[in-house]
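Presented below is the structure to which this report refers.
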Amino acid sequence: MLNVDLIEKMGNIVGTENISVASCELYCYSSDASQIRGMPEVVIKPRTTAQVSDIVRLAYEHNIPVTARGAGTGLSGGCVPLEGGIVLDMSGMNRIVEFDLDNLQVIVEPGIVQEKLNKALEPYGFFFPPDPGSSAMCTIGGLIANNGSGMRSVKYGTTRSYVLGLEIVMADGKIIKTGSKTMKTVAGYSLTDLFVGSEGTLGIITQAIIKVRALPKERSVIFASFKTPELAGKAVVKVLSSGIVPSACEILDSNIIRALNNYDPKLNLPQAGAILLFEVDGSEAEVKEGINLIVKACEDLASAIRTASDKKERDEIWAARRLAGAAISRLDPVRTRVYVGEDVGVPIKEIPKMLHKVDEISKEFDLPIMTYGHIGDGNLHTGMCIDMLSDEDWMKLNAAADKIHRTAIELGGTVTAEHGVGSARSEYMRLELGSALDVMITIKKALDPKGILNPGKMGV
Ligand SMILES: Cc1cc2nc3c(=O)[nH]c(=O)nc-3n(C[C@H](O)[C@H](O)[C@H](O)COP(=O)(O)OP(=O)(O)OC[C@H]3O[C@@H](n4cnc5c(N)ncnc54)[C@H](O)[C@@H]3O)c2cc1C
């Protein structure tokens, strides 16, 4: 248990200005962007790897839970300290340690915000492609810990594809380095891959070697509107099998279209059953060819197709798309968006079936479900809004979310394609992973025998 003596020792490690037990501050660290809550006993803001190591060693000696936190934009309760103890706010460790662009890489601390890294890379003609809707807020450490991704992962892959190596503070405070600065290595188990997506349950990330890519010269966006989401789903399967790899392939259903038009009437999106937004990037010739192939693949299924190459229009569309999750609440002032069951993924062939099932579930529970997301990866965000004061709405919401999760698993999919397991989805881990969950539990016990790192998460 934490006592005054221990708090004082921790203050001596990080400096008294970087530690707080004030209840107003603890409250600020008791949630992320989900509805999950848990109060820490102390918040610590380390500035160096050595400080993280010393704090974690002390926590290990005294069996105190340690939960790492980036920006707290997670949607699964990942950084919520369910068992109290220490929250390590990593956002102050936010330096770019090295630009090594001749080797197509940078070394960063985990607290740097995604968009800030890309702004720093842009003048050199490079970027870090994973592009979540939260890019203006979330940290690289949070992205690595969740293996986050976003609109560009259909072409560029998830965060995992860009992590060459990590510096990690282990549960007993030991510091290790995984991976290397080479583009390939097969030396030993791929520990880097083990820590990517481990949600702070196996170690604390204190530094990362990140691979970057050259910025594409051209981009163009295509809008295609459809009478139903299923027709849009069929068009996605057709586009992806036609040989073109779009740099984004997003779906907006009719409710989201209405919400976005309410949010910004200038957008004037056509009120269709669903819209697909495709982006193509590359050289001028590649973009031209990509547009032709997408138009050809969609023309028999779509009711209208339009291309936007003008940068201003493109930027506005993507800015609005990023706000889709928040704009949902514009539909009805009484209802609030609750993040639950919002991140399923299915194999590409099953997209039309999943869209159809979501529609059935919405009707069965008489609950509006707004579907949007990275459909090119089979990743759907099913946004549900309820009256937070209505017990009946909460029951419907949880039952609908449960059905959405189970449907995704039945279709060979996953309960979380990018937002993470956290505590929101840990109850589905046995169903989705089967006996592979036992291997995860074995790994967790080996690396964190006292179970102090982010306890209560991921089903381990
Ligand atoms: C509006 C909005 C849009 C979003 N869109 C997307 C999207 O398109 N794609 C997507 O993938 N996600 C999206 N998210 C979810 C969220 O932004 C991501 O999960 C992101 O990776 C979380 O980063 P963070 O810095 O906020 O991490 P936090 O929420 O603080 O933490 C997330 C997890 O990472 C762990 N962690 C954080 N830092 C470290 C560290 N240094 N070492 C070890 N573990 C650590 C935490 O313990 C926790 O388990 C969205 C969220 C919002 C609010």
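Residue numbers (the numbering used here): 435 to 894. Just so it is clear, CB atoms sit at the ideal spot from N, CA and C, and this is done for glycine as well.
Worksheet item: Can you tell me where the beta strand (DSSP E) with valine 771 in it begins and where it stops?
Response: Before going further, note that residue 771 is arginine rather than valine in the sequence given. Where arginine 771 is concerned, the enclosing beta strand (DSSP E) stretches over 770-772.
Worksheet item: Does ligand 1 have even one heavy atom less than 7 angstroms from the beta-carbon of threonine 573?
Response: yes
Worksheet item: If we call anything under 8 angstroms between Cβ atoms a contact, is isoleucine 578 one with valine 597?
Response: yes
Worksheet item: So the alpha helix (DSSP H) asparagine 552 belongs to, where does it begin and stop?
Response: 548-555
Worksheet item: So, do the segment 818-830 and the segment 859-875 have three or more beta carbon pairs nearer to each other than 8 angstroms?
Response: no
Discussion item. Below 7 angstroms, is the gap between the Cβ of arginine 586 and the nearest heavy atom of ligand 1?
Written reply: no
Discussion item. Please state whether the Cβ-Cβ distance between proline 544 and isoleucine 639 is less than 8 angstroms.
Written reply: Contact annotation: proline 544 and isoleucine 639 have beta-carbon atoms nearer than 8 angstroms.
Worksheet item: What do you reckon, are the CB atoms on isoleucine 478 and aspartate 523 nearer than 8 angstroms?
Response: yes
Worksheet item: What are the boundary residues of the alpha helix (DSSP H) that leucine 865 is part of?
Response: 863-867
Practice prompt. Consider the C-beta atom of arginine 471 and the heavy atoms of ligand 1; say whether any pair is separated by less than 7 angstroms.
Written response: no
Practice prompt. Return the bridge partner residues of isoleucine 520 from the DSSP annotation.
Written response: Val476, Val500
Item to complete: Return helix, strand or coil for glycine 759, following the three-state DSSP convention.
Response: helix
Worksheet item: Within this structure, are the beta carbons of glycine 508 and glycine 854 separated by less than 8 angstroms?
Response: Yes, the pair counts as a contact, with Cβ atoms nearer than the cut-off.
Worksheet item: Quick one: Cα of lysine 879 to Cα of leucine 636, how far?
Response: 9 angstroms
Worksheet entry | Three-state secondary structure assigned by DSSP to threonine 741 | Here threonine 741 sits in strand by DSSP.
Worksheet item: If we call anything under 8 angstroms between Cβ atoms a contact, is alanine 842 one with glycine 779?
Response: yes
Discussion item. At the 8 angstroms Cβ level, is glycine 812 part of the contact set with chain C, yes or no?
Written reply: You won't find chain C in this structure, because it holds only one protein chain.
Worksheet item: If you drop the 5 nearest sequence neighbours on each side, which residues of the same chain put their C-beta closer than 6 angstroms to that of valine 959?
Response: The requested residue 959 does not occur in the structure, where the chain is confined to residues 435 to 894.
Worksheet item: Using DSSP with H/G/I as helix, E/B as strand and the rest coil, what is valine 514?
Response: coil
Worksheet item: Between which two residues does the beta strand (DSSP E) harbouring threonine 387 extend?
Response: What the structure shows of the chain is the stretch from 435 to 894, and residue 387 is not part of that stretch, so it cannot be assessed.
Discussion item. Beta-carbon within less than 7 angstroms of aspartate 536's beta-carbon, same chain only, minus the 5 sequence neighbours each way: which residues are those?
Written reply: none
Discussion item. Give me the residue from Asp821, Gly775, Ala870, Ala456 with the minimum Cα distance to alanine 833.
Written reply: Taking each of Asp821, Gly775, Ala870, Ala456 in turn and checking the Cα distance to alanine 833, the smallest one comes out for Gly775.
Item to complete: Could you tell me the boundaries of the beta strand (DSSP E) in which leucine 814 lies?
Response: 813-820 is the extent of the beta strand (DSSP E) around leucine 814.
Practice prompt. Would you check if there are 3 or more beta carbon pairs closer than 8 angstroms linking the segment 710-727 to the segment 779-789?
Written response: no
Worksheet item: Hey, is the segment 681-694 in contact with the segment 576-592, meaning 3+ C-beta pairs nearer than 8 angstroms?
Response: yes
Practice prompt. Using three-state DSSP, classify methionine 804 as helix, strand or coil.
Written response: strand
Worksheet entry | Near ligand 1: isoleucine 639 beta-carbon under 7 angstroms from a heavy atom | yes
Practice prompt. Could you have a look at cysteine 458 and say whether DSSP puts it in helix, strand or coil?
Written response: Residue state for cysteine 458 is assigned as helix, using DSSP reduced to three classes.
Worksheet item: Beta carbon of alanine 693: closer than 7 angstroms to some heavy atom of ligand 1?
Response: no
Worksheet item: Along the chain, where does the alpha helix (DSSP H) that runs through alanine 579 open and close?
Response: 574-580
Fill in: Under the three-state DSSP convention, the category isoleucine 690 falls into
helix
Worksheet item: Does the segment 606-624 touch the segment 512-519, meaning 3 or more C-beta pairs lie closer than 8 angstroms?
Response: no
Item to complete: Return yes when the Cβ of alanine 761 is within less than 8 angstroms of the Cβ of valine 673, no when it is not.
Response: no
Practice prompt. Can you have a look at arginine 529 and say buried or exposed, based on whether 16 or more other CB atoms are within 10 angstroms of its CB?
Written response: Arginine 529 counts as exposed, since fewer than 16 other C-beta atoms from the protein chains shown sit within 10 angstroms of its C-beta.
Discussion item. So, with DSSP's three-state summary, where would you put valine 486?
Written reply: helix
Worksheet item: Which word fits proline 767, buried or exposed, when buried means at least 16 other C-beta atoms lie within 10 angstroms of its C-beta?
Response: exposed
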